[in-house]
Structure formats: C-alpha cells, structure tokens
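Structure, as structure tokens:
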Amino acid sequence: MNKSKNKSKNSTFTCRVCGTIVSSDGAGTEHRNHCPVCLSSVHLDVEPGDRAADCGGVMEPIGVWVRKNGEWAVIHRCKRCGTLSSNRIAADDDPVKLMSIAVKPLASPPFPLELLNRYSEFEKK
Ligand SMILES: [Zn+2]
Ligand SMILES: [Zn+2]
Numbered sequence: 007m008n009k010s011k012n013k014s015k016n017s018t019f020t021c022r023v024c025g026t027i028v029s030s031d032g033a034g035t036e037h038r039n040h041c042p043v044c045l046s047s048v049h050l051d052v053e054p055g056d057r058a059a060d061c062g063g064v065m066e067p068i069g070v071w072v073r074k075n076g077e078w079a080v081i082h083r084c085k086r087c088g089t090l091s092s093n094r095i096a097a098d099d100d101p102v103k104l105m106s107i108a109v110k111p112l113a114s115p116p117f118p119l120e121l122l123n124r125y126s127e128f129e130k131k
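Per the numbering used here, the very first residue in the sequence shown carries number 7; after that it's consecutive.
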C-alpha cells in the first residue's frame, strides 16, 4: 500500500457536488473535509484527516447534532457504501444550509401535525 502522508495544511479541493473551490483557510480547523456551501464531503477518511478510506464516494449531509459542549457537528452518509461519519462544522459553513438540514425532520414530520393539537387539548382536560 502506498500511504503518502500529505500533511499540507492549506489544501484546496473542488467540491464534487456543487463545484465550489474549497480551501481550508477560514475554516477554523485543519480538517476541512466538507464543502461550506452544500456541506457535501467525499469518503476519504476513516479517522478525520487520515485519508485511509479508499471508497471515494460522495458523502451527503443527512443531519446535524449537538455535542456535549454545544458544538455542532454534521452527520455525513456515503452515497456509495453507506458509511456514516460525524464532522465538526467549520467556521465558514453556510448557516442557512446547516439550519435547513437541522429542521428537516421538523418540517416533514412522520405524522400529521394535527395530532399535536389533539395532544394539547388532551392536556387541558
Ligand atoms: Zn459543494
Ligand atoms: Zn464510502
């Protein structure tokens, strides 16, 4: 196996999904691994930054979660092999895009919203 240890901090890549040229400047992290515009990533790492995965599939952002310290992280799922990974958000990630992912389950709940009315009426009795 040819494991090239490429430790360039200012790596630049072109987003495979939306074509944005992404540089790690301004990300506030050395492990800039996703696009700040569409938040998509590519399945390259097993551990952040190690480039040890040889899948290369596009990883789409499927969710947002909040870590213990209040820090947001994006959950990525590989379109090719289904691997899930969690990644810290970067300082310049699009906040609107992040919010739209975060509210997705609320915007399309798996039950009719009228059910919530029924619960609140139930509590009044
Ligand atoms: Zn993108
Ligand atoms: Zn993969």
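Backbone N, C-alpha and C define an ideal beta-carbon position, used for all residues, glycine too.
Between the CA atoms of residue j and residue i - distance to the nearest angstrom
i, j, result
"Arg57", "Ser29", "17 Å"
"Asn39", "Val52", "12 Å"
"Cys41", "Arg22", "9 Å"
"Pro116", "Lys110", "11 Å"
"Val64", "Asn123", "40 Å"
"Pro101", "Asp60", "30 Å"
"Leu121", "Glu127", "10 Å"
"Phe19", "Val43", "13 Å"
"Asn12", "Gly25", "Low per-residue confidence applies at Asn12: pLDDT is 46, beneath 50, and the placement is therefore not dependable enough to give any value."
"Lys9", "Asn75", "Any answer about Lys9 is weak, because its pLDDT of 48 lies below 50 and its placement is not dependable; what the coordinates show is given next. So the two alpha carbons sit approximately 34 Å from each other."
"Ile27", "Trp71", "26 Å"
Contact under 9 Å by Cβ, residue i with residue j
i, j, result
"Glu66", "Arg83", "yes"
"Ile107", "Ser91", "no"
"His49", "Gly62", "yes"
"Leu45", "Asp99", "yes"
"Leu104", "Trp78", "yes"
Any non-hydrogen atom of ligand 1 within 8 Å of residue i CB
i, result
"Cys41", "yes"
"Val23", "yes"
"Ser17", "no"
"Leu50", "no"
"Ser46", "yes"
Per DSSP, the bridge partner or partners of residue i
i, result
"Arg94", "Ala79"
"Thr20", "Ile27"
"Glu66", "Arg83"
"Ser47", "His40, Met65"
"Val52", "Answer is none; Val52 lacks a bridge partner."
Residue i CB to nearest heavy atom of ligand 2 below 8 Å
i, result
"Thr26", "no"
"Thr89", "yes"
"Ala97", "no"
"Arg57", "no"
"Gly69", "no"
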